[in-house]
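These notes concern the structure reproduced below.
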Amino acid sequence: MATGKPIESAEYILHHLTYLQLDLKSWKIVENSQNFWVLNIDSMFFSILLGLLFIFLFWPVARRAKSGVPARWQSFVEISTEFFDHQVKDIFHKKSSFVAPMAMLCGFWILFMNLMDLLPVDALPAAAGAVGIGHLRVLPTSDPAITMSMSIAVFLLTFFYSFYNKGFKGCATEALFHPFGKWLFPVNFVLKVVEELSKPLSLGLRLFGNMYAGEVIFILLACLTLSYSAPVHLSGVGTAEFFIFAALAVATVFLFAYGRGKWLRAWIPLGLMLVIAIGSVGGLLPAIGGSTYWQILFETGWGIFHWLIIGLQAYIFMVLTVGYLSMAAETH
Amino acid sequence: MSLNATLIAQIIVFLLLVWFTMKYIWPPIVAAMDERAKRIAEGLDAADRARRELADADTHAAEEMKKARAEAAVIIERANQQAGQIVDKARTDALLEAAKQKATAQADIENMAHRARAELRGQVATLAVAGASKILGREVNAETHKALLDELVSGI
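As they're listed, the protein sequences go chains S and C. Residue numbering for the first sequence is 1 to 332, as defined by my numbering. Residue numbering for the second sequence is 333 to 488, as defined by my numbering.
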């Protein structure tokens with residue numbers, strides 16, 4: 001957003017939610033295309049980049065895996081491998097050479113993609129803007145095409161795996177004669193179709209919804225200070241106040257982290273921060289803008305909370321994937 | 333929300349990543365981990381075995397020690413006996429030798445005495461004649477007194 005002129009919130013939000021797209025018919029960079037034959041290059045770029053990151057973090061270890069004393073990184077890789085192996089063994093009771101690796105890939109890939117949400121919302125788009133790229137969405141999991149592609153791939157794998165395990169007859173029996181017996185086979189079939197279709201939909205949309213909402217909240221918080229994106233002349237008092245605020249923030253974090261059981265004291269600097277924030281919004285204190293303080297407080301809070309969502313959503317996707325495959329493998 | 337061709341492209345990307353993970357990342361790590369588990373199990377086994385072997389070796393060594401001590405005792409006893417025998421033999425030998433030498437010495441003495449007596453026997457007649465002539469102041473004819481002289485000599 002290097003235009004310098006005041007920016008409307010709606011424009012800002014829309015800008016952040018627009019994909020950098022490539023039209024496959026005309027081979028031109030487009031935006032907001034509603035055609036099907038269009039690629040969202042930005043989310044694809046970042047998802048592939050993060051997939052490669054996973055490979056380049058884990059592959060060297062796998063290639064040189066020794067049974068001797070492991071180095072630190074190998075230990076980490078082995079611990080995570082063990083973790084996924086354990087998760088899969090809990091849910092999936094047959095032997096399979098691809099379920100556990102797939103679970104590990106899903107877990108790490110989605111985790112890496114979700115972590116992109118913690119980058120400041122403007123950092124990468126602004127950098128891209130500087131080299132002439134107009135739009136850039138850095139969070140691949142807030143792109144439904146990405147999350148749905150994964151859930152559809154899982155659905156397809158489930159489908160084939162189901163046939164592989166139960167055969168055509170087994171699948172047909174399951175689809176037609178359960179749960180209401182053979183005389184109600186149309187009802188059974190409709191139910192089965194709904195059940196099967198709801199799996200990829202819920203799997204993909206859950207991840208998308210969580211990450212999209214998280215990103216939108218970050219963007220909305222960023223809107224708090226939109227009016228300052230033009231150069232702001234700081235008054236001396238305002239600057240001093242801002243530094244006091246920053247010092248209080250450091251003190252808060254420090255007391256929380258190293259308070260040695262007396263972390264309640266952290267509420268003192270935190271309270272002072274709130275006083276400054278409230279006071280500057282109400283115009284009682286000279287300030288560079290009260291919403292700066294609110295933005296810092298809220299973004300920190302939301303960021304910390306978002307860690308939970310990031311990990312949880314990656315974990316849920318992984319577990320559900322294994323769960324669906326396990327359902328496909330087991331006859332009822 | 334709009335779905336587009338990204339969907340298809342990403343399905344392929346996802347499947348490729350799954351394939352790669354399944355083929356090149358997961359198996360070597362799991363293999364290394366299993367291998368390590370095996371090696372640790374073997375190591376623990378070996379340690380157990382070593383401990384058992386050590387205990388065996390200890391008892392064995394103790395037994396050997398006991399045996400050796402017994403053997404040594406036997407040897408010492410035998411040596412003592414032998415020493416006693418040697419000393420006894422030496423004593424009897426010495427006694428025998430002493431007795432032998434004593435007998436030789438006695439024989440020598442008797443010989444010498446015998447010889448001295450014979451010599452004396454040879455000279456005693458002459459001495460007696462000489463002594464008697466001195467006493468009588470005249471020549472004594474030995475022939476006349478031969479019987480008497482012979483009696484004197486036989487008296488020695």
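Here a beta-carbon is modelled for each residue, glycine too, at the ideal position from N, C-alpha and C.
By DSSP's criteria, residue i is part of a beta bridge. Which residues make up the other side?
i, result
"Lys66/S", "Per DSSP, none; premise fails for Lys66/S."
"Asp23/S", "Lys28/S and Val38/S"
I'd like the list of long-range same chain contacts for residue i, defined as Cβ closer than 7 Å, with 5 residues on each side in sequence excluded.
i, result
"Asn336/C", "none"
"Lys434/C", "none"
"Trp358/C", "none"
"Glu215/S", "Asp117, Leu139 and Ser142"
"Ile133/S", "Leu20"
"Phe163/S", "Cys171"
"Ala277/S", "Gly290, Tyr293, Trp294 and Leu297"
"Gly323/S", "Ile91"
"Phe185/S", "Leu176 and Phe177"
"Leu320/S", "Leu203"
Spatial neighbours of residue i within its chain, please: C-beta separation below 8 Å, excluding the five flanking residues on both sides.
i, result
"His233/S", "Confidence is the limiting factor: at His233/S the pLDDT is only 45, short of 50, which leaves the residue's position unreliable and the question unanswerable from this model."
"Gln313/S", "Ile110, Asn114, Thr141, Arg206, Leu207, Asn210 and Met211"
"Ala145/S", "Asn40 and Ser43"
"Leu484/C", "Val456, Ala457 and Ala460"
"Glu31/S", "Thr18, Tyr19, Leu20, Gln21, Gly134 and His135"
"Ile340/C", "none"
8 Å is my cut-off, CB to CB: does residue i come that close to chain S?
i, result
"Thr391/C", "no"
"Ile407/C", "no"
"Leu349/C", "yes"
"Ala337/C", "yes"
"Met397/C", "no"
"Arg401/C", "no"
"Arg384/C", "no"
"Arg410/C", "no"
"Arg371/C", "yes"
Does the beta carbon of residue i sit closer than 8 Å to a beta carbon anywhere in chain C?
i, result
"Ala62/S", "yes"
"Gly51/S", "yes"
"Asn35/S", "yes"
"Leu24/S", "yes"
"Met345/S", "No information on residue 345/S is available, as it lies outside the stretch 1 to 332 that chain S covers here."
"Ser47/S", "yes"
"Lys66/S", "yes"
"Pro144/S", "yes"
"Ala71/S", "no"
"Thr81/S", "yes"
"Phe163/S", "no"
"Val77/S", "yes"
"Ile29/S", "no"
"Ala153/S", "yes"
"Trp59/S", "yes"
"Ile55/S", "yes"
So, for residue i: in the same chain, excluding its five sequence neighbours on each side, which residues have a beta-carbon less than 6 Å away from its beta-carbon?
i, result
"Gln342/C", "none"
"Phe108/S", "Phe54"
"Arg423/C", "none"
"Lys338/S", "Residue 338/S cannot be examined here, being either before or after the span of chain S that is shown, 1 to 332."
"Ala329/S", "Lys94 and Asn165"
"Met148/S", "Gly204"
"Lys5/S", "Below a pLDDT of 50, predicted positions are generally treated as unreliable, and Lys5/S, at 49, falls in that range; the measurement from the model is reported next regardless. Nothing meets the Cβ criterion."
"Asp439/C", "Rather than Asp, the amino acid found at residue 439/C in this sequence is Ala. Taken in chain order, the list of residues that qualify is empty."
What does residue i touch in chain D if you count any residue whose Cβ is under 8 Å from its own?
i, result
"Ala341/C", "As a matter of chain content, chain D is missing from the structure shown, whose protein chains are S and C."
Where the stretch 84 to 99 of chain S meets chain C: residues whose CB sits under 8 Å from a CB there
Along the stretch 84 to 99 of chain S, going in chain order, the ones with a CB nearer than 8 Å to a CB of chain C are Asp85, Ser97 and Phe98.
So, does the stretch 361 to 377 of chain C touch the stretch 61 to 77 of chain S, judging by three or more C-beta pairs under 8 Å?
Proximity of the stretch 361 to 377 of chain C to the stretch 61 to 77 of chain S meets the contact definition, three or more beta-carbon pairs being nearer than 8 Å.
Measuring CB atoms only, is the stretch 95 to 107 of chain S touching the stretch 74 to 87 of chain S, in the sense that at least three cross pairs come out at less than 8 Å?
Flag = yes, the stretch 95 to 107 of chain S and the stretch 74 to 87 of chain S touch.
Identify each residue in the stretch 357 to 369 of chain C for which the Cβ-Cβ distance to at least one residue of chain S is less than 9 Å, and report them in chain order.
Listed by position, the residues of the stretch 357 to 369 of chain C near chain S (Cβ gap below 9 Å) are Ile357, Trp358, Pro359, Pro360, Ile361, Val362, Ala363, Ala364, Met365, Asp366, Glu367, Arg368 and Ala369.
Could you tell me whether the stretch 215 to 225 of chain S touches the stretch 8 to 18 of chain S, using the rule of 3 or more Cβ pairs below 8 Å?
Pairwise C-beta distances place the stretch 215 to 225 of chain S in contact with the stretch 8 to 18 of chain S, as three or more of them are shorter than 8 Å.
Is there contact here, the stretch 446 to 463 of chain C with the stretch 480 to 488 of chain C, by at least three beta-carbon pairs under 8 Å?
Verdict: yes, contact present.
What are the residues of the stretch 104 to 120 of chain S that lie near chain C, defined by any Cβ-Cβ distance shorter than 7 Å?
Listed in sequence order: Met104, Leu105 and Trp109.
Does the stretch 381 to 389 of chain C come close enough to the stretch 121 to 133 of chain S that 3 or more CB-CB pairs lie under 8 Å?
Short answer: they don't touch.
Select from the stretch 307 to 320 of chain S all residues with a C-beta closer than 7 Å to any C-beta belonging to chain C, and list them in chain order.
Taking 7 Å as the upper bound on Cβ-Cβ separation, chain C lies near no residue of the stretch 307 to 320 of chain S.
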